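**Student:** Sending over a structure as structure tokens; questions will come in a sec.
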Amino acid sequence: MATTADASARPVRLSRNETHTRSQSLSRLALRRFLRHRMALVGTFILLGILIYIVGGSIRFSEADANFNDTSISLNPPSPAHPFGTDRVGRDILIRTIYGGQISLLIGLFSVVVEVGLGTLVGALSGYYGGWIDSILMRIAEAMLSIPSLLLLVMAKFFSDKVPDIELLGRTLSGSVVVIILILGLTSWMYLARIVRSSFLSLRESEFVTAARALGATNARIILAHILPNTFAPIIVAATLGIASAILSESYISFLGLGVRPPTASWGNMLDGAYQFLESAPWLWIFPGLLVILTVLSINFVGDGLRDALDPRADKKI
Amino acid sequence: MYKYIIRRVLQAIPLLLIISVVLFLLMQASGDPLATLGGRRPPRAADRERLRRQWGLDQPVLVQYVYWLIGNDWTLVDRDGDGAPDEPGARKGVLRGDFGNSLVTRQPALEVITERIPNTLILTVTAEIVIIALSLMVGVYSAIKQYSLFDHIITGLSFIFYSMPIFWIALMLMYIFAVHLDLFPTVGMYDPVVGRTFGQVAWHLVLPVTSIALISIAGYSRFIRSTMLEVITSDYIRTARAKGLRERSVLYVHAFKNAALPLVTLIGLDMPTLLAGAVVTERIFAWPGMGRLFVDHLSRADFPVLMGLLMMISVSVVVFQLLTDIVYTWLDPRIRFN
């Protein structure tokens with residue numbers, strides 16, 4: 674007995690390291706998980722590089738350079754003067770990829786803003802209120818999902834020349850840019866709405882919502898201040914991946930000649946008609962195409978990293 | 002079960018009606034079919050007015066929709082274009098299988114569309130078979146050998162292909178294999194000199210099918226990999242192993258059957274898009290399918306053909322959704338409909 678008493682008499686000394694764990698905030702943990710995702714880091718760096726390319730490039734060259742045509746040098750192969758070659762009317766492809774990239778990224782970003790706005794609104798309303806609001810909104814979403822994506826082409830064709838040109842960031846943009854943004858945004862919100870709706874459905878039954886309601890919070894406050902912040906993770910992930918798919922969609926529509934109207938360049942419309950020069954001028958389609966792939970790929974990597982970081986329990990299918 | 006199917010079919014009818022109204026209204030936006038009429042020799046203004054009345058384009062949109070839906074043979078319309086409705090119409094309406102006449106070729110729109118369906122199906126069904134077969138193999142193998150070199154390579158490749166625009170893959174394949182190596186033909190469905198033989202069509206299929214398949218295989222195989230991984234860690238697989246079954250039969254009989262189930266949903270949702278034709282692929286490879294028909298007739302604002310194509314696709318989306326749900330219950334008895 675004496676020995677045990679002896680042992681308990683001597684207090685165990687723990688070092689400061691063992692008694693104090695540095696508390697880590699959620700965002701810090703998320704950042705750590707993100708930094709551990711190697712491909713996401715690579716993607717981030719490539720994206721930064723592309724941003725520097727399209728922003729820095731536009732400082733070096735003016736938009737007039739991008740639209741300057743000289744038919745005497747049409748379809749010239751890559752050379753020191755024109756590293757990416759020239760197109761059918763002798764415009765420099767390198768400078769056009771710079772200005773085209775701005776348009777493609779702009780379309781990607783803003784159509785996702787529309788998508789997230791609409792998707793969150795619909796998802797929140799139908800998840801929180803349920804009942805007939807839910808049935809109506811979800812039937813609309815279902816109908817939207819059943820409408821063939823070919824319709825995008827019809828809408829793009831019709832509206833593209835109906836919207837006047839706009840001034841933005843010192844550039845004159847073809848009105849078709851706005852049309853593409855709206856079309857892509859208005860036809861892609863359904864998926865996001867479903868994600869937000871299902872989060873709202875489960876969260877509205879949780880204790881903290883009951884507590885907030887007991888304290889007299891209004892519905893608007895419960896939705897905006899209490900439930901919505903808890904659905905940010907899947908929204909951010911879906912938005913990131915949405916930018917990638919919007920850039921791809923823009924390139925499809927513009928490739929078919931129904932998207933952004935020339936002379937405003939976009940990575941997609943630089944490829945329009947390029948297949949006629951498949952053999953004779955491959956630089957027409959190789960460089961803009963590579964930039965699309967590089968951008969979409971790195972955004973997808975970043976999206977994947979964000980999903981691991983923000984939403985570790987997420988169902989990871991693709 | 003039958004009750005469920007009947008209820009779903011009944012629900013589909015209003016959905017399709019809503020879709021048709023939306024499509025019809027938006028199609029008004031596709032442009033004025035009279036604007037491109039006659040090409041370089043546009044008709045006189047008076048003829049234009051007469052045609053507008055004869056084709057019923059002067060009617061309000063809702064009247065046009067009703068004529069499109071149920072026909073106009075029950076009422077008097079202005080068939081000779083003199084400004085007074087005096088004869089019963091000739092159109093039977095979509096519900097009786099009359100999609101109107103193509104404004105470009107004057108053939109019935111249904112005929113214009115149906116003659117393209119086989120071409121599109123040859124392309125897309127072949128592609129779908131290749132996609133399913135290869136992605137099953139790749140997905141299952143990389144799940145079994147998780148974190149192996151093969152798995153990492155496949156993961157990387159699928160990310161890359163998943164991020165590629167299909168037209169870029171198509172152009173690249175064409176540039177490498179048709180232009181430089183001269184292994185495959187560049188465009189078309191068959192060599193007009195040889196004619197439409199099985200060998201010719203198969204030969205011309207290789208590149209378009211590959212470009213469609215590469216992107217989808219990337220997505221599908223990731224999907225199969227993750228469902229397979231989920232299944233492999235489940236209890237009944239451990240039970241199967243504990244019973245002393247050979248690893249091969251554990252994986253390919255017990256695990257694979259359940260892992261492949263969610264694929265049904267994926268295929269069911271993808272089929273209608275495939276039916277729509279790979280618009281871009283068909284355009285690049287000059288494949289005479291439905292997707293190319295759509296783009297060609299879109300530039301001429303050929304309303305009846307465009308509307309017919311869109312409605313066919315919408316119907317097939319709804320039908321395939323229902324079929325998927327039914328097949329899924331049949332395959333997975335855990336799911337019950339109420």
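Which chain is which? The protein sequence lines are A and B, in order.
Each residue of the first sequence is one higher than the last, beginning at 674 in our numbering.
Each residue of the second sequence is one higher than the last, beginning at 2 in our numbering.
For every residue, glycine included, the Cβ atom is placed at its ideal position computed from N, Cα and C.
Given the structure is predicted, the values throughout are model-derived calculations rather than measurements.
(1) Report the rounded CA-to-CA distance for B/K4 versus B/L311, giving the unit in angstroms.
(2) Please classify B/A134 as buried or exposed, where buried requires at least 16 neighbouring CB atoms within 10 angstroms.
(3) Spatial neighbours of B/G140 within its chain, please: CB distance less than 6 Å, with the 5 preceding and 5 following residues excluded, ordered by chain position.
(4) State the DSSP-derived secondary structure class of A/W862, mapped to helix, strand or coil.
(5) What does A/E952 pair with, by DSSP beta-bridge criteria?
(6) Output, in chain order, the set of chain B residues within a Cβ distance shorter than 9 Å of A/G976.
(7) At the level of alpha carbons, what is the spacing between B/L17 and B/G292?
(8) How about B/V78 and B/G94: do their beta carbons lie closer than 7 Å?
(9) Does the Cβ of A/T891 have 16 or more other Cβ atoms within 10 Å, making it buried, or fewer, making it exposed?
(10) Is the Cβ of B/F321 closer than 7 Å to any Cβ of chain A?
(11) Using a 10 Å radius around the Cβ and a threshold of 16 neighbouring Cβ atoms, would you call A/A917 buried or exposed?
(12) Indicate the three-state DSSP secondary structure (helix, strand or coil) for B/D152 in the structure shown.
(13) Return yes when the Cβ of B/G309 is within less than 7 Å of the Cβ of B/I114, no when it is not.
(14) Do A/T770 and A/L970 have their CB atoms nearer than 7 Å?
(15) Check whether the Cβ atoms of A/I820 and B/I20 sit closer than 7 Å, and answer yes or no.
(16) Just grab the DSSP bridge partners of B/E88 for me.
(17) Can you grab the Cα-Cα spacing for the pair A/S777 / A/W940, in whole Å?
(18) With contact counted as at least three CB pairs below 8 Å, one residue from each stretch, are the segment 860 to 873 of chain A and the segment 314 to 328 of chain B in contact?
(19) Ignoring anything shorter than 3 residues or poking outside the segment 861 to 931 of chain A, list the beta strand (DSSP E) runs there in chain order.
(20) Taking the alpha carbon of B/S164 as the point to measure from, which residue in A/L874, A/V786, A/A919 has its own alpha carbon closest?
(21) Specify the secondary structure class of A/L1011 as computed by DSSP and reduced to three states.
(22) On the three-state DSSP scale, how would you describe B/N102?
(23) Leaving aside the five residues before and after A/S847 along the sequence, list all residues of the same chain whose C-beta is less than 7 Å from its C-beta, in chain order.
(24) Please list the residues of the segment 165 to 176 of chain B that have a C-beta atom closer than 7 Å to any C-beta atom in chain A, keeping them in chain order.
(25) Using the beta-carbon count (16 or more within 10 Å), is A/S784 buried or exposed?
(26) Assign B/D99 to one of two classes, buried (16 or more other C-beta atoms within 10 Å of its C-beta) or exposed (fewer than that).
(27) Nearest CA to the CA of B/Q108: which residue from B/Q12, B/V306, B/T330?
(28) Can you tell me whether B/Y329 is helix, strand or coil according to DSSP?
(29) Just confirm the distance between the C-beta atoms of B/L27 and A/L826, as a whole number of angstroms; I'd bet it's less than 8 Å.
(30) Taking any Cβ of chain A, which residues in the segment 304 to 316 of chain B have a Cβ under 8 Å from it, in chain order?
(31) Report the three-state DSSP secondary structure of B/I233 (helix, strand or coil).
(32) Report the rounded CA-to-CA distance for A/A893 versus A/L914, giving the unit in angstroms.
(33) Using DSSP with H/G/I as helix, E/B as strand and the rest coil, what is A/D807?
(34) For A/A675 and A/S875, I'd like the C-alpha separation in whole angstroms.
(35) Per DSSP, which residues does A/I839 bridge with? Please list them.
(36) At least one CB of chain A closer than 7 Å to the CB of B/I20: is that the case?
**Tutor:** So, from the data block:
(1) Within the second sequence, the letter at position 3 stands for residue 4 of chain B. Within the second sequence, the letter at position 310 stands for residue 311 of chain B. Per the coordinates, the alpha-carbon of B/K4 lies some 29 Å from the alpha-carbon of B/L311.
(2) Along the second sequence, one-based indexing puts residue 134 of chain B at 133. By the neighbour-count criterion, in which a residue is buried when 16 or more other Cβ atoms sit within 10 angstroms of its Cβ, B/A134 is exposed.
(3) Translated into the one-based positions of the second sequence, residue 140 of chain B becomes position 139. Take B/G140, set aside five residues on each side of it, and the residues of its chain with a beta-carbon closer than 6 Å to its own are S222, I225, R226, in chain order.
(4) Within the first sequence, numbered from 1, the residue matching residue 862 of chain A stands at position 189. Helix at A/W862.
(5) As a position in the first sequence, residue 952 of chain A is number 279, starting the count at 1. None; A/E952 has no bridge partner.
(6) One-based indexing of the first sequence puts residue 976 of chain A at position 303. Chain B residues near A/G976: none, gap ~11 Å exceeds 9 Å.
(7) Here residue 17 of chain B refers to the residue found at position 16 of the second sequence. Here residue 292 of chain B refers to the residue found at position 291 of the second sequence. Each residue's alpha carbon lies about 21 Å from the other.
(8) What you label residue 78 of chain B is simply residue 77 of the second sequence in a count that begins at 1. What you label residue 94 of chain B is simply residue 93 of the second sequence in a count that begins at 1. No, the pair does not count as a contact, with Cβ atoms beyond the cut-off.
(9) Along the first sequence, read from residue 1 onward, the residue named residue 891 of chain A stands at position 218. By the 10 Å Cβ count, A/T891 comes out exposed.
(10) For the purposes of this step, residue 321 of chain B is identified with residue 320 of the second sequence, where counting begins at 1. Using beta-carbon distances, B/F321 does not count as an interface residue toward chain A, since no partner is under 7 Å.
(11) As a working mapping, residue 917 of chain A is identified with position 244 in the first sequence. For A/A917, the number of other beta carbons within 10 angstroms of its own is at least 16, and it is reported as buried.
(12) Here residue 152 of chain B refers to the residue found at position 151 of the second sequence. B/D152 falls in the helix class under three-state DSSP.
(13) For this step, residue 114 of chain B is matched to residue 113 along the second sequence. For this step, residue 309 of chain B is matched to residue 308 along the second sequence. Yes. Within cutoff.
(14) Sequence index remark: in the first sequence, residue 770 of chain A carries index 97 (1-based). Sequence index remark: in the first sequence, residue 970 of chain A carries index 297 (1-based). Annotated as distal: A/T770 and A/L970, with beta-carbon spacing of 7 Å or more.
(15) Against the first sequence, residue 820 of chain A aligns to sequence position 147. Against the second sequence, residue 20 of chain B aligns to sequence position 19. Taking 7 Å as the Cβ cut-off, A/I820 and B/I20 qualify as a contacting pair.
(16) Position 87 of the second sequence, counted from the first residue, corresponds to residue 88 of chain B. For B/E88, which the question treats as bridged, DSSP gives the partners B/V78.
(17) Sequence index remark: in the first sequence, residue 777 of chain A carries index 104 (1-based). Sequence index remark: in the first sequence, residue 940 of chain A carries index 267 (1-based). Using only the alpha carbons, I get a separation of about 6 Å.
(18) Contact fails between the segment 860 to 873 of chain A and the segment 314 to 328 of chain B, because fewer than three Cβ pairs, one in each stretch, are under 8 Å apart.
(19) Those beta strand (DSSP E) runs which fall completely within the segment 861 to 931 of chain A and span 3+ residues do not exist here.
(20) Taking the first residue of the second sequence as 1, we reach residue 164 of chain B at position 163. Taking only the C-alpha atoms, the option nearest B/S164 is A/A919.
(21) Outside the displayed span of chain A (674 to 991) sits residue 1011 of chain A, for which this structure offers no information.
(22) Here the question's residue 102 of chain B lines up with position 101 in the second sequence. If DSSP states are grouped into helix, strand and coil, B/N102 belongs with the strands.
(23) Position 174 of the first sequence, counted from the start, is the residue given in the question as residue 847 of chain A. By the criterion of a C-beta distance shorter than 7 Å, A/S847 is surrounded in its chain by D838, V933, R934, T937, once the five residues flanking it on both sides are discounted.
(24) Of all residues in the segment 165 to 176 of chain B, M165, P166, F168, W169, L172, M175, Y176 have a Cβ within less than 7 Å of some Cβ in chain A.
(25) Translated into the one-based positions of the first sequence, residue 784 of chain A becomes position 111. With 16 or more neighbouring CB atoms inside 10 Å of its own CB, A/S784 falls in the buried class.
(26) In the second sequence, residue 99 of chain B corresponds to position 98, counting from 1. Around the beta carbon of B/D99, 16 or more other beta carbons lie within 10 angstroms, which makes this residue buried.
(27) The residue labelled residue 108 of chain B in the question sits at position 107 within the second sequence. Checked all of B/Q12, B/V306, B/T330; the closest Cα to B/Q108 is B/V306.
(28) One-based indexing of the second sequence puts residue 329 of chain B at position 328. Assigned with DSSP and collapsed to three states, B/Y329 falls in helix.
(29) Indexing the second sequence from 1 puts residue 27 of chain B at position 26. Indexing the first sequence from 1 puts residue 826 of chain A at position 153. At roughly 11 Å, the Cβ-Cβ gap does not stay under 8 Å, so B/L27 and A/L826 are not in contact.
(30) Cβ contacts with chain A: L307, L310, L311, I314, S315.
(31) Taking the first residue of the second sequence as position 1, residue 233 of chain B is located at position 232. If DSSP states are grouped into helix, strand and coil, B/I233 belongs with the helices.
(32) One-based indexing of the first sequence puts residue 893 of chain A at position 220. One-based indexing of the first sequence puts residue 914 of chain A at position 241. Between the alpha carbons of A/A893 and A/L914 lies a distance of about 28 Å.
(33) To locate residue 807 of chain A, count along the first sequence from 1; it is residue 134. Here DSSP, grouped into helix, strand and coil, assigns A/D807 to helix.
(34) By one-based count along the first sequence, residue 675 of chain A stands at place 2. By one-based count along the first sequence, residue 875 of chain A stands at place 202. Below a pLDDT of 50, predicted positions are generally treated as unreliable, and A/A675, at 46, falls in that range; the measurement from the model is reported next regardless. Straight-line Cα distance between these residues: approximately 58 Å.
(35) The residue given as residue 839 of chain A occupies position 166 in the first sequence. Among the bridge pairs identified by DSSP, A/I839 is matched with A/L846.
(36) Here residue 20 of chain B corresponds to residue number 19 of the second sequence, with the count starting at 1. Between B/I20 and chain A, the shortest Cβ-Cβ separation is below 7 Å.
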